[in-house]
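For reference, the structure is listed below as structure tokens.
Protein chains: 2
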Amino acid sequence: MDLPRALDTDLYQLTMMAGYEAVAPGTTCTFELFVRELPPERAFLVAAGLHQALDYLESLRFTSDEIAWLRTVPALAPAPATFFDTVLPNFRFRGEVWAVDEGEVVFAHEPILRVTARAAEAQLVETALVAMITFETSVASKASRVVKAAAGRPVIEFGSRRAHGLESARLAARAACLAGCSATSNVEAARRYSLPLVGTMAHSWVMAFDDEIEAFRAYSGLFGAQAVLLIDTYDTIAAAERLVEAGLTPSAVRIDSGDLVTVSRSVRAILDAGGLRATRIIVSGDLDEHQIAQLVSSGAPVDSFGVGTSISTVRDAPGLGGVYKLVEMERHGRITPTVKLSAGKRTLPGRKQVWRVAENGQALYDVIGLTEDTEQKGRPLLTCVMRHGQRLAPAPDLAALQENARQRLGELPTSVTALDEPVPLTARISPALDALARSAHHL
Amino acid sequence: MDLPRALDTDLYQLTMMAGYEAVAPGTTCTFELFVRELPPERAFLVAAGLHQALDYLESLRFTSDEIAWLRTVPALAPAPATFFDTVLPNFRFRGEVWAVDEGEVVFAHEPILRVTARAAEAQLVETALVAMITFETSVASKASRVVKAAAGRPVIEFGSRRAHGLESARLAARAACLAGCSATSNVEAARRYSLPLVGTMAHSWVMAFDDEIEAFRAYSGLFGAQAVLLIDTYDTIAAAERLVEAGLTPSAVRIDSGDLVTVSRSVRAILDAGGLRATRIIVSGDLDEHQIAQLVSSGAPVDSFGVGTSISTVRDAPGLGGVYKLVEMERHGRITPTVKLSAGKRTLPGRKQVWRVAENGQALYDVIGLTEDTEQKGRPLLTCVMRHGQRLAPAPDLAALQENARQRLGELPTSVTALDEPVPLTARISPALDALARSAHHL
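Each protein sequence line maps, in turn, to chains D and E.
Be aware that the first sequence starts at 21, since it is given in our numbering, and climbs by one per residue.
Be aware that the second sequence starts at 21, since it is given in our numbering, and climbs by one per residue.
Put into structure tokens, the structure is as follows:
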């Protein structure tokens, strides 16, 4: 596992850590991680990334090499000697974490994760937690739209080469499959996360032979009925005709360019006329949910979609604004709910829970309340997943998370899941939370 | 180093590898990595990511665990036994690589990197090479725009929490500094790549104290003249007034919200009236190059800019279309230049070099030609960086790369570097390349 390490953080987390240890070592903080505003075209998010976040918290240590290096950082020179001698070597995350399950649907302002820990512990982990959870959540949310557009046809995640580095590629593959993609082409992600693995062939294979049909024959000779032939390197229609004439029986052909509606129709007709009714058509080439919806509604005879950039980089909303905000602190037994009042960035105080109220299996609205709002009806979304820095249960396997996502998405009204102009579920603020927000300190 | 590993690839690279080894083991391929089309608002790219690409190629191995797992992959079941028994265990990258230096300026269709190797070797590495080089190049290119907009004021890379995972955060910090950012807040990136490291304080620090001024005092008590105080948690103007009254002398204040032009003016006036002329003003809060240009042109008294999402996710163009295309193959001593003719995706055949023609230190135009175009005038951009799988020189340090980027960017006419409606340098095709493209096989 390439887990983030203790130094995968912003410098100010370390200076604040040193500060908390020096001036307020007995302070406990509660932070909540949420998204303040959903990007355009999004009415909901599919939460993901919790597995990596909990592994990171459990394994968090400063190595002696890291500490030796930190001693040389000018910005940390004013930190007390005990910070380097005692605090960092003994550092562990010993806090409590509540979170929604991966695959759960959340809306703006709803906590995805809540951390309660000593101030220094809760502060250090902000950067890594936000990066991990926000990224996988944004990929899962985008993938769920693409999968919906495909209307039951399999979507394969093909975006590794466009991802922001190879770790990002693996995490994108995982999040995409969690949210409904049928498979990925990323080998390491398939190995690590037990994802279905699929592949086709590249243009280079075709170009490496003197004749396209030679390239198809060589590949089919080796991979037999499993072969997927890429037929658009030179002339798609001619390639389809020639592979039929040559008596090849690929499991599928892939088309990566051109007008996919007309080309897929022509190719389908050629394959069918040649007796290759079982040969499927996979299309790819910079597809997003809108292009896929159009292909589906036009009746193009496409059996599955390979989707890259738009999922793995979340191209239309690559920087989902996940934040991690202090909502409560406790010092000497005194609990203080906290808020930030910065222009346009107001936060809600207190430890929160979210309840989803449904009727006949359809979600009606959410209530964002305080954890002590025990009278709330509906299903509470956050559960305790870590105590004293230890996970309470092993990570569920991906199949269980996929099923969770499928069920949660299935509860949403079509107004929420529409590709165009979707409307979020209403999130009501409980009377107790509303009262606390109005009375909060510093107002 | 978290280098990508052999399985950080697409499945089809492995099936094609098995195919090449089975049917054409003596084939040598040359691939070129380039960007087909620049995103909107971009007229040039700043190349980056080569260091990690070469480290990856040098260290590439299949472990016995990985091979054991690959034997269980159904899609690879048809591969010959020798593939698992001999090819994978003995696999090394033993090819030759030509590349432009990191920090070099390149345009569409110009090779950033060229790989010549046995077909299986050259093919396997496509996914990782494209991901690494495209991502760092897209960050460096974006960062160079942001730095230009800041017109000499320092830009600090603050985007780790928005990056697509923590490896992505580190690579973004590196690429941003390479292209002109003055520092990063990412601790691990600073350690690994020797980048200047800076930090401020978070809203949570302020919120964790009963009173904002207590929070400022505690932090200043520890960090003295180095302290940077974040003053927008509740009321920015009041915070500035109170820190002056309290006699604090922070090195800087940070403002993260509000109308930055008017607020920075008011804060500057308060600091100056209080004798804090040396206290700088740092602004942040979802800034991009256009907002920064506006702040600069409005004369806002801002000393430096903290920039996050727009650099670390390359928000306006997160999926730069880097491709890796077969341009030549050699079998039994016969060399064949290759092209792809797919609709809208035509490629140029042959091993290429790019020459930049300049006059009086200003770039006039580029020539894309064949390596054998030795008569070309101008500076050739690609040099040989790896032979027989070994780097020819150790990686230069980041300061040298920054200086390279600064010089290369400095050669560009303002029409190319303009923030709005920039125009790329003309890239001419050499007569020999043009003739080869017209005559290329399969036309």
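Every residue gets a Cβ at the ideal spot worked out from N, C-alpha and C, and that includes glycine.
Just so it is clear, the structure is predicted and the values come from calculations on it, not from any experiment.
What residues from chain E crowd round residue i, counting only those whose CB sits closer than 7 Å?
| i | result |
| --- | --- |
| K360/D | H223, M227 and T253 |
| L346/D | S224, M227 and A228 |
| F155/D | H184 and G185 |
| D75/D | The premise fails here: D75/D is roughly 12 Å from chain E at the closest Cβ pair, so nothing lies under 7 Å. |
Which partner residues of residue i appear in the DSSP bridge assignment?
| i | result |
| --- | --- |
| C404/E | W118/E |
| N206/E | D30/D |
| E325/E | First, the residue type needs correcting, since residue 325/E is Phe and not Glu in the sequence shown. Its beta-bridge partners are V175/E and V303/E. |
| F54/D | V343/D |
| V125/D | V66/D |
| G389/D | Q373/D |
| T446/E | Y385/E |
| L217/D | T204/D |
| Q410/D | R407/D |
Buried or exposed for residue i, please, with buried defined as at least 16 other CB atoms from any protein chain shown within 10 angstroms of its CB.
| i | result |
| --- | --- |
| P45/E | exposed |
| H352/D | exposed |
| S277/E | buried |
| G319/E | exposed |
| L263/E | buried |
| H184/E | buried |
| P60/E | exposed |
| S362/D | buried |
| C201/E | buried |
| P414/D | exposed |
| R407/E | exposed |
| L390/D | buried |
| S188/D | buried |
| T102/E | exposed |
| T154/E | buried |
| E122/E | buried |
Alpha carbon to alpha carbon, what distance is there between residue j and residue i?
| i | j | result |
| --- | --- | --- |
| A238/E | V207/E | 23 Å |
| R274/D | K360/E | 15 Å |
| G267/D | T47/E | 27 Å |
| L58/D | H129/D | 9 Å |
| I302/D | A192/D | 21 Å |
| T83/D | R112/D | 12 Å |
| L456/E | F229/D | 18 Å |
| V55/E | V125/E | 12 Å |
| T256/D | W375/D | 53 Å |
| V93/D | G398/E | 44 Å |
| S205/E | G339/D | 18 Å |
| A88/E | K372/D | 47 Å |
| A73/E | Q422/E | 18 Å |
| A151/E | G305/D | 17 Å |
| Y32/E | F127/E | 29 Å |
Which of helix, strand or coil does DSSP assign to residue i?
| i | result |
| --- | --- |
| S164/E | helix |
| T253/E | coil |
| V359/D | coil |
| C49/E | strand |
| I132/D | coil |
| M36/E | helix |
| A272/E | strand |
| V248/E | strand |
| L453/E | helix |
| E61/E | coil |
| E348/D | strand |
| L23/D | coil |
| R354/E | strand |
| R112/E | coil |
| E379/E | strand |
| A137/E | strand |
| R297/E | coil |
Give the residues of chain D in contact with residue i, contact being defined as C-beta atoms less than 9 Å apart.
| i | result |
| --- | --- |
| L242/E | T35, A38, G39, A42, V43, P98, A99 and P100 |
| N380/E | The premise fails here: N380/E is roughly 39 Å from chain D at the closest Cβ pair, so nothing lies under 9 Å. |
Name the chain E residues whose beta carbon is nearer than 9 Å to that of residue i?
| i | result |
| --- | --- |
| C201/D | In chain order: nothing, as chain E lies at least about 14 Å away. |
Report the neighbours of residue i on chain D: residues whose CB is nearer than 8 Å to its CB, in chain order.
| i | result |
| --- | --- |
| L217/E | L31, V93 and A95 |
| C49/E | S224 and A228 |
Using a Cβ-Cβ cut-off of less than 7 Å, list which residues of the region 252-279 of chain E approach chain C; keep chain order.
In summary, chain C is missing from the structure at hand, where the protein chains are D and E.
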